[in-house]
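Visitor: Protein chains in written order, with the UniProt record's numbering: chain D, 1 to 433; chain V, 1 to 433. Here's a structure for you.
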């Protein structure tokens with residue numbers, strides 16, 4: 001069985017690889033027309049898609065899945081309209097492929113250009129939201145990449161229908177219909193095939209909780225971009241405006257608690273704790289937030305529950321927040337370095353030197369000065385679409401838009417240029433001689 | 001033993017991590033002064049370094065190491081002067097850290113800046129050239145990174161002496177002396193510790209042959225940048241200038257055969273084969289090159305030996321080259337896609353459409369039009385120094401200079417900005433709600 005599944009996976013992956021070669025050089029007009037064809041086909045096939053989705057939903061109900069998860073899984077004609085509209089929005093975005101990132105004429109007359117090219121085949125591992133199937137395919141197609149999609153097995157019928165509709169819509173558009181691929185099978189094994197497909201798949205983007213991401217990093221030989229885990233902190237400096245600090249904290253925690261850029265911890269300088277904590281704790285309580293505090297926070301209110309070591313690491317994604325009093329800005333930085341996930345941290349301060357030091361020392365994808373952590377987002381940053389928020393340092397860090405789905409290639413044009421002797425430069429380059 | 005070695009490794013890695021936090025925010029002036037202190041100390045300690053090196057050389061001789069490898073391993077006062085001069089050259093290069101890569105004011109008034117920051121701790125696995133120990137440390141230091149160095153065990157005494165001198169030189173410069181670290185131990189295990197140090201080491205750059213690089217990619221949980229394997233091809237198009245094509249081919253193959261951007265294969269269009277091959281084979285023969293050709297190449301000379309499937313994959317690094325006649329440009333591209341290592345390919349042609357098609361379809365880090373493959377090099381590209389040539393697509397592709405040793409961070413400055421409701425954008429971002 002496993003052998004058969006692996007054969008089947010390799011067959012699909014090789015077709016994806018082949019499609020990548022055909023997709024990479026296509027001009028924007030062809031890709032945009034294909035995206036519109038996909039959007040039209042999704043709307044036209046809404047009944048068929050909803051029917052397939054109904055079997056996923058029925059299976060989920062039989063398995064006792066929560067209503068919340070069933071809502072995320074469910075498709076309706078209206079939701080399919082919205083998904084199609086998002087595809088049209090992607091078509092309207094600029095094409096990153098072909099952009100000259102840098103270019104100049106070298107002293108010897110060679111023309112050097114570094115141009116954006118697609119990554120190739122992008123593997124995406126995600127959970128039970130079928131809209132991701134279409135969103136990811138559209139972002140990949142626009143950036144010239146083939147999408148190898150591996151959604152949750154709970155949405156397999158929906159995803160099969162959606163990918164079938166998209167593949168059929170691509171026929172005749174100039175974009176290979178193999179440019180959108182569903183990883184065959186629903187077993188744990190099928191994910192492993194994707195993780196071991198180095199040479200066929202260029203990058204893997206796992207979307208989900210920390211344990212999924214860790215297992216992918218552990219097992220994958222394909223390069224991985226880690227996304228989405230957010231244990232974000234708000235630091236209230238000694239020199240903060242108290243009202244602003246309370247507003248930012250409440251917004252960061254409660255405006256949408258279930259997302260990765262919501263605050264999960266706040267740290268307050270001891271010098272301002274007496275002024276800040278009563279107001280902050282009252283405001284959080286009014287919003288239904290449970291505060292998990294250290295002893296010095298708990299001294300301000302009996303409602304604060306005792307924080308454990310686990311609370312400092314927690315990504316609650318709920319109306320909970322960890323809280324600690326610190327004696328210095330550097331102690332806040334040390335706490336963030338130790339427990340944070342490198343996503344987003346905010347400082348609230350009127351002190352320019354404090355802001356500068358916090359920005360310099362905090363090692364996270366985004367650092368906010370006097371703004372809510374909730375602004376770390378591709379749409380807010382003006383990218384128009386987001387494939388995820390990278391919390392690692394290689395390739396892309398922070399919100400990833402279409403350019404982050406590309407690599408580059410150097411194009412060097414000469415007139416018969418030959419290499420002569422040149423003095424060695426510092427470095428550890430390839431010379432084995 | 002292994003447990004002790006692992007403890008020892010973790011102790012060093014944690015000190016490296018700590019040093020990274022101190023090194024990242026340092027201004028250029030402090031880093032440059034530290035580099036000059038390192039250069040001065042290397043020259044002043046030449047006798048001590050040469051003595052340590054002599055014990056590596058003696059051990060290598062006892063082991064029957066070739067004179068060629070012993071030459072690569074050997075240090076002399078003159079070579080140490082040259083190594084120190086390279087460190088001073090790195091000091092003279094611009095500092096990539098702090099550069100604003102992009103910046104604008106968002107519609108809501110938030111100021112957004114994406115700035116370059118160091119990667120953190122960079123692990124480098126390399127072979128028996130002790131100059132790499134210093135070159136790598138200097139490039140890392142200049143880009144604000146801590147270097148965790150793991151050279152060949154054959155150079156262990158030399159590397160221990162070099163790192164000792166560098167660490168001592170950093171005392172009092174403001175750069176933490178832990179910013180340069182040698183991985184403890186010489187066993188295979190000690191490399192594994194480095195490969196599994198996710199969270200402590202930010203990136204691993206293996207330098208060496210394909211088998212070393214493959215084993216690192218296979219076993220590492222730390223993100224890896226693959227470098228240096230070059231199976232580069234020259235394609236002689238139907239519309240080539242024959243003299244230019246012969247000159248480029250001979251230069252690409254013979255100017256320095258042992259390096260990764262030397263040509264290992266040439267492909268010639270059938271329409272020009274009768275004009276090109278006699279001249280090319282004679283010119284290569286005059287330079288002592290053995291051609292491994294297919295039947296159509298062999299028809300032109302009895303000196304051409306029969307190419308096997310292995311020859312198409314070979315990175316000879318010697319005076320050998322594989323050769324094949326193709327019927328179309330697309331057949332040349334298909335050959336390169338199948339057998340190439342994605343390093344550098346060249347086309348020789350007077351046809352603009354042929355050049356354009358070759359550049360668009362070839363999926364390699366660098367594509368040369370009417371120029372030798374030998375130009376793919378950080379020094380030639382004007383980067384001033386090179387940490388390696390990436391043959392992968394993530395993070396960096398092609399010659400890597402100092403900016404490729406950095407990541408970025410978003411700095412967002414507001415005046416108490418709070419997030420309001422915004423319409424959802426396309427994407428598969430972190431929203432779990």
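Glycine included, each C-beta is placed from N, C-alpha and C at the ideal position. This one's a predicted model, so the numbers in the text were calculated from it and none came from an experiment.
#1: According to the Cβ coordinates, are residue 346/V and residue 373/V closer than 8 Å?
#2: Using a Cβ-Cβ cut-off of less than 9 Å, give me the residues of the stretch 348-370 of chain V that come near chain D, in sequence order.
#3: Would you be able to state if there are at least three C-beta pairs under 8 Å between the stretch 216-230 of chain D and the stretch 233-246 of chain V?
#4: If you check the beta carbons only, do residue 492/V and residue 250/V fall under 8 Å apart?
#5: What residues in the stretch 397-420 of chain V have a beta carbon less than 7 Å from any beta carbon of chain D?
#6: Between residue 157/V and residue 55/V, how many whole angstroms is the CB-CB distance? I'm expecting something under 8 Å.
#7: Below 8 Å, can you find three or more Cβ-Cβ pairs linking the stretch 316-324 of chain V to the stretch 257-268 of chain V?
#8: So which residues of chain D does residue 289/V contact, with C-beta pairs closer than 8 Å?
#9: Could you spell out where the beta strand (DSSP E) holding residue 95/D opens and where it closes?
#10: Is it the case that the Cβ atoms of residue 146/D and residue 121/D are separated by a distance below 8 Å?
#11: Taking Cβ positions, are residue 323/D and residue 297/D nearer each other than 8 Å?
#12: So, is the C-beta of residue 432/D closer than 8 Å to a C-beta in chain V?
#13: Starting from the beta carbon of residue 86/V, find every residue of chain D whose beta carbon is closer than 7 Å, and list them in chain order.
#14: Do three or more CB pairs link the stretch 109-121 of chain V to the stretch 397-409 of chain V at distances below 8 Å?
#15: Answer yes or no: do residue 391/V and residue 360/V have a C-beta to C-beta separation smaller than 8 Å?
#16: Hey, could you find the ends of the beta strand (DSSP E) residue 321/D is sitting in?
#17: Closest by CA to residue 236/V, which one among 369/V, 5/V and 377/V?
#18: Considering only the alpha carbon of each residue, which of 246/D, 397/D and 309/D lies closest to residue 281/D?
#19: Within the 8 Å Cβ cut-off, does residue 31/V reach chain D?
#20: First and last residue of the beta strand (DSSP E) that includes residue 409/D?
#21: With three or more beta-carbon pairs closer than 8 Å as the criterion, would you say the stretch 152-169 of chain V touches the stretch 91-100 of chain V?
#22: Kindly indicate which three-state DSSP category residue 16/V falls into: helix, strand or coil?
#23: Excluding the 5 residues preceding and the 5 following residue 35/D in the sequence, name in chain order all residues of the same chain whose CB lies nearer than 8 Å to its CB.
#24: Output the distance between the C-alpha atoms of residue 340/V and residue 198/D, rounded to the nearest integer angstrom.
#25: Report all residues from its chain with a CB closer than 7 Å to the CB of residue 81/V; omit the five preceding and five following residues, and keep chain order.
#26: Can you tell which of 150/D, 129/D and 22/D has the C-alpha that lies nearest to the C-alpha of residue 9/D?
#27: Using 8 Å as the limit for Cβ to Cβ distance, is residue 393/D near chain V?
#28: Counting only C-beta atoms, is residue 255/D closer than 8 Å to chain C at any point?
#29: Which partner residues does residue 390/V have in the DSSP bridge list?
#30: Give me the chain D residues within the contact set of residue 272/V, using Cβ-Cβ distance strictly less than 9 Å, ordered along the chain.
#31: When burial is assigned at 16 or more other CB atoms within 10 Å of the CB, is residue 330/D buried or exposed?
#32: Starting from the beta carbon of residue 244/V, find every residue of chain D whose beta carbon is closer than 9 Å, and list them in chain order.
#33: At what residues does the beta strand (DSSP E) containing residue 193/D begin and finish?
#34: Compile a chain-ordered list of the residues in the stretch 202-223 of chain D whose CB is closer than 8 Å to at least one CB of chain V.
#35: Starting from residue 315/V, trace the beta strand (DSSP E) both ways and give me its first and last residue.
#36: Consider the C-beta atom of residue 86/V and the heavy atoms of the ligand GTP; say whether any pair is separated by less than 7 Å.
Guide: In short:
#1: For this step, residue 346/V is matched to residue 346 along the second chain. For this step, residue 373/V is matched to residue 373 along the second chain. Result yes, Cβ atoms of residue 346/V and residue 373/V sit closer than 8 Å.
#2: Going along the stretch 348-370 of chain V in chain order, one finds 348, 355, 357, 359, 360, 361, 362, 363, 364, 365, 366, 367, 368, 369 and 370 with a Cβ nearer than 9 Å to chain D.
#3: The stretch 233-246 of chain V vs the stretch 216-230 of chain D: no contact.
#4: Examination of residue 492/V is not possible in this model, given that chain V is present from 1 through 433 alone.
#5: Hits within the stretch, in order: 397, 398, 407, 408, 409, 410, 411, 412, 413, 414, 415, 416, 417, 418 and 419.
#6: Taking the second chain and counting its residues from 1, the one referred to as residue 157/V is at position 157. Taking the second chain and counting its residues from 1, the one referred to as residue 55/V is at position 55. Between residue 55/V and residue 157/V the Cβ distance is about 5 Å, and since that is below 8 Å, they are a contact.
#7: The stretch 316-324 of chain V, when compared against the stretch 257-268 of chain V, does touch it at the 8 Å Cβ threshold.
#8: For this step, residue 289/V is matched to residue 289 along the second chain. Listed along the chain, the chain D residues whose CB falls inside 8 Å of the CB of residue 289/V amount to none; the nearest CB is some 16 Å away.
#9: Start at 1 with the first residue of the first chain, and residue 95/D comes out as number 95. Neither: residue 95/D is in no beta strand (DSSP E) and is coded neither H nor E.
#10: Position 146 of the first chain, counted from the start, is the residue given in the question as residue 146/D. Position 121 of the first chain, counted from the start, is the residue given in the question as residue 121/D. Remark: C-beta atoms of residue 146/D and residue 121/D approach each other more closely than 8 Å.
#11: Position 323 of the first chain, counted from the start, is the residue given in the question as residue 323/D. Position 297 of the first chain, counted from the start, is the residue given in the question as residue 297/D. In terms of Cβ geometry, residue 323/D and residue 297/D form a close pair [threshold 8 Å].
#12: The residue given as residue 432/D occupies position 432 in the first chain. Because residue 432/D carries a pLDDT of 46, less than 50, the predicted location of this residue cannot be relied on, and the following value inherits that uncertainty. Using a Cβ-Cβ cut-off of 8 Å, residue 432/D counts as an interface residue toward chain V, since at least one Cβ of chain V sits closer than that to its own.
#13: Here residue 86/V refers to the residue found at position 86 when the second chain is read from its first residue. Ordered by position in chain D, the residues that pass the 7 Å Cβ test against residue 86/V are 426.
#14: With a cut-off of 8 Å, the stretch 397-409 of chain V and the stretch 109-121 of chain V count as touching, because enough Cβ pairs lie within range.
#15: Position 391 of the second chain holds residue 391/V. Position 360 of the second chain holds residue 360/V. For residue 391/V and residue 360/V, no; Cβs fall outside 8 Å.
#16: For the purposes of this step, residue 321/D is taken as the residue at position 321 of the first chain. The continuous beta strand (DSSP E) containing residue 321/D extends over residues 320-326.
#17: Counted from its first residue, the second chain places residue 236/V at position 236. Closest by alpha carbon: 369/V.
#18: Taking the first residue of the first chain as position 1, residue 281/D is located at position 281. For residue 281/D, the closest of 246/D, 397/D and 309/D by C-alpha to C-alpha distance is 246/D.
#19: Residue 31/V sits at position 31 when you count from the first residue of the second chain. Cβ-Cβ to chain D under 8 Å: no for residue 31/V.
#20: On the first chain, position 409 is the one that residue 409/D refers to. Here the beta strand (DSSP E) through residue 409/D covers 406-417.
#21: By the C-beta criterion, the stretch 152-169 of chain V is judged not to be in contact with the stretch 91-100 of chain V, since fewer than 3 inter-stretch pairs fall below 8 Å.
#22: On the second chain, residue 16/V is found 16 positions in, with the first residue counted as 1. DSSP, read as helix, strand or coil, puts residue 16/V in helix.
#23: Taking the first residue of the first chain as position 1, residue 35/D is located at position 35. Excluding its 5 nearest sequence neighbours in each direction, residue 35/D has C-beta neighbours in its own chain below 8 Å: 87, 88, 90, 91, 138, 141 and 142, listed in chain order.
#24: Position 340 of the second chain holds residue 340/V. Position 198 of the first chain holds residue 198/D. Looking at the two C-alpha atoms, the distance is approximately 15 Å.
#25: As a working note, residue 81/V is residue 81 in the second chain. If you ignore the 5 residues before and after residue 81/V, its C-beta comes within less than 7 Å of the C-beta of 43, all in its own chain and listed in chain order.
#26: For the purposes of this step, residue 9/D is taken as the residue at position 9 of the first chain. Of all alpha-carbon atoms in 150/D, 129/D and 22/D, the one lying nearest the alpha-carbon of residue 9/D is that of 150/D.
#27: Sequence index remark: in the first chain, residue 393/D carries index 393 (1-based). So, interface residue.
#28: Absent from the structure: chain C. Protein chains present are D and V.
#29: Counting from one through the second chain, the residue named residue 390/V turns up at place 390. In the DSSP output, where bridge partners are listed per residue, residue 390/V has 227/V and 398/V.
#30: Counting from 1 along the second chain, the entry for residue 272/V is found at position 272. Going along chain D, no residue has its Cβ under 9 Å from residue 272/V, so there is no contact; the nearest lies around 16 Å.
#31: As a working note, residue 330/D is residue 330 in the first chain. So residue 330/D ends up on the exposed side.
#32: Taking the first residue of the second chain as position 1, residue 244/V is located at position 244. Within chain D, the residues whose beta carbon sits less than 9 Å from that of residue 244/V are 415 and 416, listed in sequence order.
#33: Start at 1 with the first residue of the first chain, and residue 193/D comes out as number 193. Looking at the DSSP string, residue 193/D is not in any beta strand (DSSP E); the run it does join, the alpha helix (DSSP H), is 188-195.
#34: Along the stretch 202-223 of chain D, going in chain order, the ones with a CB nearer than 8 Å to a CB of chain V are 202, 203, 207, 217, 218, 221 and 223.
#35: The residue given as residue 315/V occupies position 315 in the second chain. Per DSSP, residue 315/V belongs to no beta strand (DSSP E) and is neither H nor E.
#36: Of the ligands one can find in the structure shown there are none, so the ligand GTP has no counterpart to examine.
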